[in-house]
Amino acid sequence: MLTENERVLSSSSMDESVLDEKTRVEQYDSQSWESLKTNPLYEDLVEFKDVFPETVPCELPKDKGIRHEVEIKPGLKYCVMKQWPLPREQVLAIDKFFADRLAAGHVRESTSPHSSPTLCVRKATGGWRIVHAFNKLNAATVPAQTPIPRKDVIIDGMSKSTIFSSMDLMDGFYQNPYAGTGHTVYRS
């Protein structure tokens, strides 16, 4: 039997009734190339359209000699969290996601002793967002010497700025080369 916490984590965190179909479509359309035509930077965006792919690239980016590393605290061997039961629909979505990433070369068969649960969260557009519960692994990780600044510090630093930008890497976790032994495993 699932605990309340597991039940919450194994289902969509968004109630379907929160956003109706019309609102979801409007949100999705507001992010389209067509909606950007009135933007003063539209011509520049079109010139560099290849930087903003519609789908996840079928290959890893060119190796530039930089690889992401995660350092585990001394004395810890590995982090294992059991996968909790998921609805069949989510299992199929996760299996398809990893089959696509495997075909693209973003993931490989793992021999890692680490294991973190994987779950799905419903996107506003109706699809599934794949989420890994790295709580235990994060707790066992040596913190970065130069951590990401706090949100309030960033906002204060932007106080007199006039141009802001944000970039979302589509499935960015799987597009960054990783050094050493893998720390994540998905078990279906």
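If you're matching positions, the sequence shown starts at 1 in the UniProt record's numbering and goes up one per residue. Backbone N, C-alpha and C fix where the C-beta goes; we use that ideal spot for every residue, glycine too. Note that the structure is a prediction, hence the values are computed from the model and not measured.
Helix, strand or coil: how does DSSP classify Arg122 here? strand
Grouping DSSP H, G and I as helix and E and B as strand, with all else coil, what is Thr23? helix
Which one or two residues does DSSP pair with Ile130 in a beta bridge? The partner list for Ile130 (beta bridge, DSSP) reads Cys120.
I think Ala133 touches Leu119, with their Cβ atoms under 8 Å apart; what is that distance to the nearest whole Å? 7 Å
Look at Pro61 and Gln83 and say whether their C-beta atoms are less than 7 Å apart. no
If we call anything under 7 Å between Cβ atoms a contact, is Lys123 one with Arg129? Taking 7 Å as the Cβ cut-off, Lys123 and Arg129 qualify as a contacting pair.
My assumption, with CB atoms under 8 Å, is that Val153 sits in contact with His114. Please give the rounded CB distance. Incorrect: roughly 32 Å between the Cβ atoms, too far for contact.
Return the CA-CA distance between Pro87 and Pro147, expressed in angstroms with no decimal places. 36 Å
Output yes or no for whether 7 Å exceeds the beta carbon distance between Ala140 and Leu76. The Cβ atoms of Ala140 and Leu76 sit closer than 7 Å to each other.
Let me know if His68 comes out buried or exposed under the rule of 16 or more other beta-carbons within 10 Å of its beta-carbon. exposed
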